[in-house]
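If you read the protein sequences in the order shown, they are chains A and B. Heads up: the first sequence begins at 8 in the working numbering, then just goes up one per residue. Heads up: the second sequence begins at 5 in the working numbering, then just goes up one per residue. Each residue gets a CB set at the ideal place from its N, CA and C atoms; glycine is no exception. Right, one structure below, let's go through it.
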Amino acid sequence: DAGVIQSPRHEVTEMGQEVTLRCKPISGHDYLFWYRQTMMRGLELLIYFNNNVPIDDSGMPEDRFSAKMPNASFSTLKIQPSEPRDSAVYFCASRVSGSSYEQYFGPGTRLTVT
Amino acid sequence: AQSVTQPDIHITVSEGASLELRCNYSYGATPYLFWYVQSPGQGLQLLLKYFSGDTLVQGIKGFEAEFKRSQSSFNLRKPSVHWSDAAEYFCAVGAFSGGYNKLIFGAGTRLAVHP
């Protein structure tokens, strides 16, 4: 089975540009999570969805960040406009109901904003 | 509030030596506990998990962890470390909040292995 798929794996962009990160969860999983990892703050939960509906977005740092899940097999995390402090590795994870919290992570997208 | 503490930020061991990574959690109910490993440039991979039953759980790559309720700990162990074990290790507790389940992660422990 394919795991969680993220694209792109690396993104370099200039400050002020729009950035879109993409995630395909494991088929059949009904929860999807977006995390951000930095040296300073570690692993932070940004937002998560259940059955394509955003449940908790309290971790989204500010209005420049938005996430959508138009269907069960696709989600995006968008940053507009991007800033250098957004440089981080962004992970997507998914899980299935009843799996007692166990999440499966994608390989991550390393974002660099110059 | 639920939380996870990993007291050691960096640990260095020699190849072949034993390893123990510490994890302490704070959670009011019976915890669901996890250890994940992150190799350089990779995502997080589940090593092992504890839900109930036997307090000593076995995982992949020769790792094991022991749940000790009295100490609120879930330490990860390996009897003989291999160079390929160099990675960052995250302890996590499953938290039930607002009607939904999510994971609370510790800050991680970075393991270096000397040949």
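Inset, instruction - Verify whether the separation of the beta carbon atoms of B/S30 and B/V8 is less than 9 Å. - result: yes
Legend entry - Same chain, Cβ closer than 6 Å to B/H118, neighbours up to 5 away in sequence not counted: S18
Inset, instruction - Could you pull out every residue in the same chain whose Cβ sits closer than 7 Å to the Cβ of B/L50, ignoring the five residues on either side in sequence? - result: F38, Y40
Inset, instruction - Please look up how many angstroms separate the CB atoms of A/V11 and A/Y111, rounded, as I've assumed it's under 8 Å. - result: 6 Å
Legend entry - Any beta strand (DSSP E) of 3 or more consecutive residues that is wholly inside the region 73 to 113 of chain B: 77 to 82, 91 to 101, 104 to 109
Inset, instruction - Determine the chain A residues that contact B/N105 at a beta-carbon separation under 7 Å, and present them in chain order. - result: Y108
Legend entry - Three-state secondary structure (DSSP) of A/G49: strand
Inset, instruction - With DSSP collapsed to three states, give me the class of A/I33. - result: coil
Legend entry - Separation of B/Q6 from B/I108, as counted between CA atoms: 7 Å
Inset, instruction - Take the Cβ of A/W41 as the centre, count every other Cβ of all protein chains shown within 10 Å, and call the residue buried at 16 or more, exposed below. - result: buried
Legend entry - Cutoff 9 Å: A/V11 Cβ touching any chain B Cβ: yes
Inset, instruction - Please say whether A/L28 and A/C126 have beta carbons closer to each other than 9 Å? - result: Summary: the structure shown does not reach residue 126 of chain A, with chain A confined to residues 8 through 121, and so no result is reported for it.
Inset, instruction - Please go through the same chain and pick out, in chain order, the residues whose beta-carbon is closer than 8 Å to the beta-carbon of A/D44, but skip the five residues on each side of it. - result: Residue 44 of chain A is actually Gln in this sequence, not Asp. Excluding sequence neighbours, A/Q44 sits near L50, E51, A95, V96, Y97, F98, G115.
Legend entry - Local Cβ density within 10 Å of A/E69, reported as buried at 16 or more and exposed below that: exposed
Inset, instruction - Using three-state DSSP, classify A/P61 as helix, strand or coil. - result: strand
Inset, instruction - Go ahead and label A/V19 buried or exposed: buried means 16 or more other beta carbons lie within 10 angstroms of its beta carbon, across all protein chains shown. - result: exposed
Inset, instruction - Look at the Cβ atom of B/G63, then the Cβ atom of B/K53, and state whether they are nearer than 9 Å. - result: yes
Inset, instruction - May I ask you to report which of helix, strand or coil DSSP gives A/R117? - result: strand
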